[in-house]
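The opening residue of the sequence shown carries number 1186 in the working numbering; numbering runs sequentially from there.
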Amino acid sequence: MALNFLSPAEIKAISFLDSTKSNHLPKLPGRLGLRKDCGGRRIQCSVQNQNKPPPAWPGRAFPEPGRKTWDGPKPISIVGSTGSIGTQTLDIVTENPDKFTVVALAAGSNVTLLADQVRRFKPQLVAVRNESLVDELKEALADLEEKPEIIPGEQGVIEVARHPDAVSVVTGIVGCAGLKPTVACNRSWKRYMLGQ
């Protein structure tokens, strides 16, 4: 491991922080940080580089051998599609139809909004966590020519998370309810985005 120290010409600013009341010092931006304990007073020094770091991607990102690739828009699944995270994700999909396509949706109990989302995004698989609302969802989608597969309950939400065509999964279910779908997604070797 090599340490790169800044030359005086590269230094943009030097910041000192004196904290006498807290044992926790905030992390300041910069490459070089020094801390000293002076009899109960903690002093931290941070040095910032005036040159911005090089771009992360150009010429540096290479696909992993054997990694699944796709042509056209990236297929995604959304767990919690009727919540704020899910609806905002679908707004992004709407604004970028050339970049994303929805293959599966899962919701808790907002069947009306879920039915609208199914009509608009035409997923292959839909799950509703509240099993008593499956008939209501089927009735709301009765006039569709191409109906998605509907799986009720927690198992349906898990199946949405590990849908075989999805490359990435957005999980927007808060708390313990979102744990099993996230674990299923992880075990399927999918990229997942957590919104909590």
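Heads up, the beta-carbon is just placed ideally off N, CA and C, and yes, glycines get one too.
Of the residues 1373, 1285, 1306 and 1367, which one's Cα is nearest the Cα of residue 1332? 1306
Range of the contiguous beta strand (DSSP E) that encloses residue 1308: Run containing residue 1308: none; DSSP gives neither H nor E here.
At 4 residues or longer, and completely inside the region 1306-1356: list those alpha helix (DSSP H) runs for me, N to C. Secondary structure in the region 1306-1356: the alpha helix (DSSP H) runs of 4 residues or longer, each lying completely within the stretch, are 1319-1325 and 1338-1346 in chain order.
Do you know whose CA, among 1378, 1319 and 1313, lies nearest residue 1291's CA? 1313
Distance, residue 1296 Cα to residue 1319 Cα: 8 Å
Please classify residue 1366: does DSSP put it in a helix, a strand, or coil? Three-state result, residue 1366: helix.
On the CB-based measure, 16 or more other CB atoms within 10 Å of its CB, does residue 1279 come out buried or exposed? exposed
Does the Cβ of residue 1302 have 16 or more other Cβ atoms within 10 Å, making it buried, or fewer, making it exposed? buried
Within 10 angstroms of its Cβ, does residue 1327 collect 16 or more other Cβ (buried), or is it exposed? exposed
From residue 1289 to residue 1308, what distance separates their C-alpha atoms? 5 Å
Rounding to the nearest angstrom, what Cα-Cα distance links residue 1317 and residue 1282 in this structure? Each residue's Cα considered, the two are about 33 Å apart.
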